[in-house]
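Accompanying notes for the structure given below.
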Amino acid sequence: MPRLNWRNFSLQILSLLMALILWVYVTNEQNPVEERTFNVPLQGRGIPEGFQVTGLPSTVSVQVQGSRSQLVTLTPGDFQAAVDLSGIARGENEPAVTVNAPPGIRVLRVLPPRVRVHADRIVEKEVPVEVTFKGQPAAGYSVQAATVDPPLVHLKGPERLVKTIGRVTASVNVQGASGAVERSVTLTGLPGEVSAFPPVVKVVVSILALPAREVPVEPRVKGTPADGYRVEEVLVEPGSVQVLAPAPVLEGVQRVSTAPLDINGASQDVVRRVSLVAPGSGIILRPREVQVTVRLSPIPENPPANTEPEEQKQD
């Protein structure tokens with residue numbers, strides 16, 4: 002049996018170690034270990050049936066370590082970031098984020114390590130549709146009524162939101178309309194997490210001409226003429242105007258007044274175009290102004306006191 006030459010064997014082992022050290026050194030010099038951060042899409046997994054989760058971030062920041070040659074070819078899609086939502090309860094939850102990285106890549110840090118989400122039960126209910134109007138019909142016309150098909154819609158969404166909704170809104174533009182308006186309207190005023198079925202309703206708005214009647218015009222004059230003058234008469238042209246208003250409002254309109262006409266200090270007739278004052282909201286006047294004439298006249302001077310003839314005084 003040949004004797005082992007320990008001297009030669011030791012030299013061989015030392016040479017191998019030196020070669021390994023040199024290989025590691027050269028490798029690290031040419032392909033060093035580096036760190037890099039990726040914004041990785043975040044997924045929620047295992048949401049229980051009948052629940053909705055909100056507040057889940059779209060991405061998380063993942064800091065990793067690996068060789069330069071590995072890192073240079075990586076993209077965010079090479080990682081998988083997820084949170085397990087199978088055990089969530091109603092209300093606030095903070096599940097941990099887990100990240101799977103490609104082989105040879107070390108995950109150093111995930112920000113945030115936990116995410117805050119809100120879980121709620123999905124509920125459904127029916128609510129009525131309320132019609133609102135934008136703009137004003139043509140002059141002399143008014144909105145009489147609106148019908149909706151269907152009058153009720155079905156809501157579905159998180160319980161905390163659905164329970165606070167008593168109605169949904171369908172807004173119809175009636176600007177300048179002088180007849181019936183028919184529109185297909187998308188419902189508005191709902192939170193983003195709540196859906197309505199159907200999302201579009203048919204609205205028919207009835208627009209009719211306002212009832213009208215003639216009423217007298219009552220002129221209003223303020224101030225006093227110049228000294229030595231008085232108001233002889235006040236004339237209005239035209240003396241009556243047409244009033245258009247919803248029937249309940251029109252019944253209470255007996256006359257229409259002008260804006261005050263100031264004659265303070267005047268020493269001759271005053272003739273002006275004066276606007277009329279509507280006696281309430283929703284009232285249309287035709288015409289909207291009239292001509293007011295204030296006739297002035299001098300105040301007669303006091304006649305001289307009676308005196309006897311000169312010859313009578315001598316008697």
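FYI, the numbering for the sequence shown is 2 to 316, going by my numbering.
Even glycine gets a Cβ: it sits at the ideal position worked out from N, Cα and C.
| Item | Value |
| --- | --- |
| Excluding five sequence neighbours on each side, which residues of the same chain lie with their C-beta closer than 8 Å to the C-beta of Lys-135? | Ser-172, Val-173, Asn-174, Val-175, Gln-176 |
| State whether the stretch 156-166 contacts the stretch 188-202, with contact taken as three or more CB pairs (one from each stretch) at a distance under 8 Å. | yes |
| Less than 8 Å separating the beta-carbons of Gln-145 and Ile-208? | yes |
| Around the C-beta of Arg-89, are 16 or more other C-beta atoms found within 10 angstroms, so that it is buried, or is it exposed? | Reading off the sequence shown, one finds Ile at residue 89, where the question assumed Arg. With 16 or more Cβ atoms within 10 Å of its Cβ, Ile-89 is classed as buried. |
| Which residues bound the beta strand (DSSP E) around Leu-236? | 230-238 |
| Using a Cβ-Cβ cutoff of less than 7 Å, which residues in the same chain neighbour Pro-299 once the five nearest sequence positions on both sides are dropped? | Gly-229, Tyr-230 |
| With a threshold of 8 Å, are at least 3 pairs of Cβ atoms found where one atom belongs to the stretch 65-83 and the other to the stretch 120-127? | no |
| Considering only the alpha carbon of each residue, which of Phe-39, Pro-280, Ser-87 lies closest to Glu-50? | Ser-87 |
| Report the rounded CA-to-CA distance for Ala-147 versus Arg-168, giving the unit in angstroms. | 16 Å |
| What span of residues does the alpha helix (DSSP H) with Arg-161 cover, start to end? | 160-163 |
| Indicate whether the contact test is met: 3 or more Cβ pairs, each with one atom in the stretch 250-257 and one in the stretch 278-293, closer than 8 Å. | yes |
| Excluding the five sequence neighbours on either side, which residues of its own chain have a C-beta within less than 8 Å of the C-beta of Gln-44, listed in chain order? | Gln-81, Ala-82, Ala-83, Val-84 |
| Identify the continuous alpha helix (DSSP H) that holds Arg-69 and give its terminal residues. | 69-72 |
| Going by C-alpha distance, which of Ala-197, Arg-287, Leu-262 is nearest Pro-1? | Here the chain covers residues 2 to 316 and nothing more, so residue 1 does not appear. |
| Which of helix, strand or coil does DSSP assign to Asp-270? | coil |
| For a test of the three-state rule: what should DSSP assign to Ala-140, helix, strand or coil? | coil |
| Looking only at its own chain, which residues have a Cβ that is under 7 Å from the Cβ of Leu-112, when we skip the five neighbours before and after it? | Val-61, Ser-62 |
| Start and end of the alpha helix (DSSP H) containing Leu-251? | 248-251 |
| Can you list, in chain order, the residues of its chain whose CB lies under 6 Å from that of Asp-79, leaving out five sequence neighbours each side? | Pro-103 |
| Pull up the distance between the alpha-carbon of Val-182 and that of Val-216, whole angstroms please. | 32 Å |
| Among residues of its own chain, excluding the 5 on either side of Ala-213, which ones have a beta-carbon nearer than 6 Å to its beta-carbon? | Gln-243, Leu-245 |
| For Arg-274, which option in Ile-285, Arg-289, Ser-268, Ser-241 has the closest C-alpha, if you only look at C-alpha atoms? | Arg-289 |
| Measure the alpha-carbon distance for Ser-241 versus Val-218 and round it to whole angstroms. | 5 Å |
| Quick one: Cα of Leu-211 to Cα of Leu-277, how far? | 19 Å |
| For Pro-129, which three-state DSSP category applies? | strand |
| Give me the residue from Ser-143, Tyr-142, Thr-76, Val-291 with the minimum Cα distance to Val-235. | Val-291 |
| Among Pro-247, Val-295, Val-222, Val-271, which one has its Cα closest to the Cα of Thr-259? | Val-222 |
| By the DSSP assignment, the beta strand (DSSP E) with Gln-176 in it spans what residues? | Segment: none, Gln-176 is in no beta strand (DSSP E) and carries neither H nor E. |
| Name the DSSP beta bridge partners of Ile-284, please? | Paired residue(s): none; Ile-284 is not in a bridge. |
| Excluding five sequence neighbours on each side, which residues of the same chain lie with their C-beta closer than 7 Å to the C-beta of Thr-187? | Pro-200, Val-201 |
| Mind checking who Arg-91 pairs with in its DSSP beta bridge? | For Arg-91, which the question treats as bridged, DSSP gives no partner whatsoever. |
| Opposite Gly-105 in the DSSP bridges: which residues? | For Gly-105, which the question treats as bridged, DSSP gives no partner whatsoever. |
| On the criterion of 16 or more Cβ atoms from any shown chain inside 10 Å, does Asp-316 qualify as buried, or is it exposed? | Note that Asp-316 scores 41 on pLDDT, short of 50, meaning its location in the model is unreliable; the coordinates nonetheless yield the value given after this. Classification of Asp-316: exposed, given that the 10 Å Cβ count is below 16. |
| Between which residues of its own chain and Ala-1 is the CB-CB distance below 7 Å, once the five residues before and five after are set aside? | Since the first and last residues shown for the chain are 2 and 316, residue 1 lies out of range. |
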